[in-house]
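Input: a single structure, listed below in structure tokens.
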Ligand SMILES: Cc1cc2nc3c(=O)[nH]c(=O)nc-3n(C[C@H](O)[C@H](O)[C@H](O)COP(=O)(O)OP(=O)(O)OC[C@H]3O[C@@H](n4cnc5c(N)ncnc54)[C@H](O)[C@@H]3O)c2cc1C
């Protein structure tokens, strides 16, 4: 066995950001680092995957242009058989969650999902992940002697950049006829914005008090050039769609600025935003846990702050 195999994610002919994050993470795993791109015509994506730190780009011809669960399962099994990697890394994404556990179970491999850190101790992979609703962080020892499959949490690692001088390998894989086929992408309703792509999030929690106040903060976010995100109670109350929710059961975000209004900072919320560039918290309770991760904070009524910001913008 040797090296690390990264399984690239792509959509509509573009690499997904998580792939570049996986390449960064792989720099701390056994070399060589190979990145596999699985597609009907993988050659067209191979150039964009030749990033700094990539030793080999494996173009796997299988399936169609877009992700299909059964195709990826068969292709990753074939890749593992062909390359015998020490570690296989994939994104902890809806795509990988569907097929990667099946690959690991079928081949008897080590497996850990939602991994946010790892180390290699005496040749053995030790993955860090959370348990019990993110209340406990634990280290998981993966068995040695078989490849370890790690699903890495998006946005934890920086994105690899630059261009490398990776070698190219080709592999054609015969896959079964998928039981579910990709037909087409359907645009999400306008309300369902992608809060994970925003540089600046104005995030509101139960502290805003009433549904009637949502509109005010939506307007304020717009004026400030921010995207509005929320804590879970706002979604549970039916005041905003779940696409706006930050946290363990919502989205993991990493904006440059995260401005939190009336959010206490429960572990499940922090799990989704604590990697943000600059965190600013506004809360009337000086003991609120959000201040534990905030770079700047104000123990002040959020409506007073909103009044002042509305004058500024
Ligand atoms: C399995 C599980 C998964 C979960 N997933 C998520 C998740 O993904 N995302 C998430 O957010 N939560 C999640 N939760 C819920 C989480 O535990 C908390 O209940 C939730 O985050 C609390 O939201 P909040 O901070 O808005 O509300 P609260 O905890 O009620 O905090 C409101 C805060 O507003 C402050 N405040 C009140 N009035 C004002 C004012 N006028 N000015 C300034 N500050 C004021 C208060 O001091 C308080 O700190 C999950 C829970 C479980 C069990």
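Numbering (the numbering used here), first residue to last: 458 to 770.
All residues carry an ideal CB built from backbone N, CA and C; glycine is no exception.
### Query
By DSSP, does residue 718 sit in helix, in strand, or in coil?
strand
### Task
Determine the extent of the beta strand (DSSP E) in which residue 481 is found, giving its start and end residues.
Careful: residue 481 lies outside any beta strand (DSSP E), inside the alpha helix (DSSP H) at 474 to 483.
### Query
Nearest to residue 477 by alpha carbon, out of 720, 494 and 488?
494
### Task
Given a cut-off of 8 angstroms, decide if residue 570 and residue 588 are closer than it, judged by their beta-carbon atoms.
no
### Query
Closer than 5 angstroms from C-beta to any heavy atom of ligand 1: which residues, in chain order?
590, 662, 663, 664, 688, 689, 690, 704, 705, 706, 707, 719, 720, 721, 723, 725, 726, 740, 741, 742, 745, 758 and 759
### Query
Terminal residues of the continuous alpha helix (DSSP H) containing residue 628?
That residue, residue 628, is in no alpha helix (DSSP H); its beta strand (DSSP E) goes 624 to 629.
### Query
Using the rule of at least 16 other Cβ atoms within 10 Å of the residue's Cβ for burial, across every protein chain shown, is residue 733 buried or exposed?
buried
### Proximity of residue 480 and residue 508 at Cβ, strictly below 8 angstroms
yes
### Short Cβ contact (8 angstroms threshold) for residue 703 with residue 730
yes
### Query
For residue 696, which residues from the same chain have a beta carbon less than 7 angstroms from its beta carbon, with the 5 sequence-adjacent residues on both sides left out?
668 and 671
### Query
In three-state DSSP terms, what is residue 742?
coil
### Query
Roughly how many whole angstroms lie between the Cα atoms of residue 614 and residue 482?
6 angstroms
### Query
Quick one: what does DSSP say residue 726 is sitting in, helix, strand or coil?
helix
### Task
Following the continuous beta strand (DSSP E) through residue 585, name the residue where it begins and the one where it ends.
581 to 588
### Message
Taking the straight line between their C-alpha atoms, what separation do you get for residue 773 and residue 769?
### Response
In the structure as shown, the chain begins at 458 and stops at 770. Residue 773 is therefore absent and cannot be evaluated.
### Query
Would residue 721 be called buried (16 or more neighbouring beta carbons within 10 Å of its own) or exposed?
buried
### Query
Pick from 491, 758 and 735: whose alpha carbon is nearest that of residue 743?
758
### Query
Nearest to residue 760 by CA position, among 723, 752 and 717, is which residue?
717
### Task
Tell me whether residue 403 sits in a helix, a strand or coil according to DSSP, three-state version.
This structure gives no information on residue 403, because the portion of the chain shown stretches from 458 to 770.
#### Entry: Beta-ladder partner(s) of residue 524, from DSSP
Answer by DSSP bridge pairing: none, since residue 524 is not bridged.
#### Entry: Minimum length 4: unbroken alpha helix (DSSP H) runs contained in the stretch 483 to 521
500 to 506
### Query
Roughly how many whole angstroms lie between the Cα atoms of residue 659 and residue 738?
10 angstroms
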